[in-house]
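Chemist: Just so you know, the protein sequences line up as chains Z and Y, in that order. The opening residue of the first sequence carries number 1 in the working numbering; numbering runs sequentially from there. The opening residue of the second sequence carries number 1001 in the working numbering; numbering runs sequentially from there. Note that CB positions come from ideal geometry on N, CA and C, so glycine has one too.
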Amino acid sequence: KAGVTQTPRYLIKTRGQQVTLSCSPISGHRSVSWYQQTPGQGLQFLFEYFSETQRNKGNFPGRFSGRQFSNSRSEMNVSTLELGDSALYLCASSLIERNEQFFGPGTRLTVL
Amino acid sequence: GNSVTQMEGPVTLSEEAFLTINCTYTATGYPSLFWYVQYPGEGLQLLLKATKADDKGSNKGFEATYRKETTSFHLEKGSVQVSDSAVYFCVSTGGGNKLTFGTGTQLKVEL
């Protein structure tokens, strides 16, 4: 069974630009969550989607948004990029609530 | 909201030494608890889990027991190997599928 895939793996953007990251969950998984990992703040929850609906949201500004498609694939978008948005963005999928989550390899975003 | 506090690293041990990484949590309700591991250059992997009080999770020689009375989920291994060198995260659930991560503990095992 294929794992969680994320594209692209690496991105370099400049301040003010916007970016879209993509995540394909494990087949059959309907919950997709996004996390930001930075050396200073560690791993922080961004949001979770289940059956195309945002079910939970972390404490991030409105520049961070996401969506989920009918095939459970998810995208997250960051608008008006800031230097502090440089991070590893991780996607995780799971089968049912409170079950284990499977993480993708992440997208490394660098904002210059 | 939920929070997780785990032992600061880095931790350096000799091969075959005993490992303990302390973890305590605060939560409303009864969260599930996990240890995730991140090997160098790899993604996060679930190491073990416990879903209710007194459950013991175990995998690859690692163990952790869900202690409700002390709100703890300490990770232990009797004899570490060089290949166990990684960053270990204590994690709790809180509100749907939201995971709350500890800061991570870097473990380095030397020959």
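Here's a check: name, in chain order, each residue in its chain whose Cβ is nearer than 6 angstroms to the Cβ of Y/E1076, leaving out the five neighbours to either side.
Modeler: For the purposes of this step, residue 1076 of chain Y is taken as residue 76 along the second sequence, with counting starting at 1. Closer than 6 angstroms at the Cβ level, and outside the excluded window around Y/E1076, lie T1020, E1063.
Chemist: Would you report the Cα separation of Y/G1009 and Y/A1027, rounded to the nearest angstrom?
Modeler: As a working note, residue 1009 of chain Y is residue 9 in the second sequence. As a working note, residue 1027 of chain Y is residue 27 in the second sequence. Rounded to whole angstroms, Y/G1009 to Y/A1027 spans 24 angstroms at the Cα level.
Chemist: Any C-beta of chain Z within less than 8 angstroms: which residues of the region 1086–1100 of chain Y qualify?
Modeler: F1089, T1093, G1095, G1096, N1097, K1098, L1099, T1100
Chemist: What does Z/I12 pair with, by DSSP beta-bridge criteria?
Modeler: On the first sequence, residue 12 of chain Z is found 12 positions in, with the first residue counted as 1. In DSSP, Z/I12 forms a bridge with Z/T110.
Chemist: Taking just the CA atoms, how far does Y/F1089 sit from Y/G1029?
Modeler: One-based indexing of the second sequence puts residue 1029 of chain Y at position 29. One-based indexing of the second sequence puts residue 1089 of chain Y at position 89. Our two residues, Y/G1029 and Y/F1089, have alpha carbons roughly 21 angstroms apart in a direct line.
Chemist: Determine which residues of the region 34–52 of chain Z have a Cβ less than 7 angstroms from any Cβ of chain Y, and write them out in chain order.
Modeler: G42, L43, F45, E48
Chemist: If distances are taken between C-alpha atoms only, which option among Y/L1048, Y/Y1025, Y/S1003 comes closest to Z/E123?
Modeler: Nothing about residue 123 of chain Z can be reported from this structure: the residues present for chain Z run from 1 to 112 only.
Chemist: Identify every residue that forms a DSSP beta bridge with Y/T1024.
Modeler: Numbered from its first residue, the second sequence carries residue 1024 of chain Y at position 24. The partner list for Y/T1024 (beta bridge, DSSP) reads Y/T1005, Y/S1072.
Chemist: State whether the region 1079–1094 of chain Y contacts the region 22–41 of chain Z, with contact taken as three or more CB pairs (one from each stretch) at a distance under 8 angstroms.
Modeler: no
Chemist: When the Cα of Z/S72 is compared with those of Z/G16, Z/S51, Z/C91, which residue comes out closest?
Modeler: Along the first sequence, read from residue 1 onward, the residue named residue 72 of chain Z stands at position 72. It is Z/S51 whose Cα lies nearest to the Cα of Z/S72.
Chemist: Just the chain Y side, please: which residues come within less than 8 angstroms of Z/L90 by C-beta, in chain order?
Modeler: What you label residue 90 of chain Z is simply residue 90 of the first sequence in a count that begins at 1. Per Cβ cutoff of 8 angstroms: G1043, L1044.
Chemist: Would you call the region 57–77 of chain Z and the region 23–32 of chain Z touching, i.e. three or more CB-CB distances under 8 angstroms?
Modeler: yes
Chemist: Mapping the DSSP letters down to three states, classify Z/L83 as helix, strand or coil.
Modeler: As a working mapping, residue 83 of chain Z is identified with position 83 in the first sequence. Three-state DSSP puts Z/L83 in a helix.
Chemist: Assuming Y/C1023 and Y/Q1006 are in contact, meaning their beta carbons sit under 8 angstroms apart, how far apart are those beta carbons, in whole angstroms?
Modeler: The residue you call residue 1023 of chain Y lines up with position 23 of the second sequence. The residue you call residue 1006 of chain Y lines up with position 6 of the second sequence. A Cβ-Cβ distance of about 4 angstroms is found for the pair Y/C1023 and Y/Q1006, placing them in contact under the 8 angstroms criterion.
Chemist: Measure the beta-carbon distance from Y/A1050 to Y/L1033 and round it to whole angstroms, keeping in mind my assumption that it falls under 8 angstroms.
Modeler: As a working mapping, residue 1050 of chain Y is identified with position 50 in the second sequence. As a working mapping, residue 1033 of chain Y is identified with position 33 in the second sequence. Rounded, the Cβ-Cβ distance is 5 angstroms, consistent with contact.
Chemist: Give me the chain Z residues within the contact set of Y/T1103, using Cβ-Cβ distance strictly less than 8 angstroms, ordered along the chain.
Modeler: To locate residue 1103 of chain Y, count along the second sequence from 1; it is residue 103. Ordered by position in chain Z, the residues that pass the 8 angstroms Cβ test against Y/T1103 are G42.
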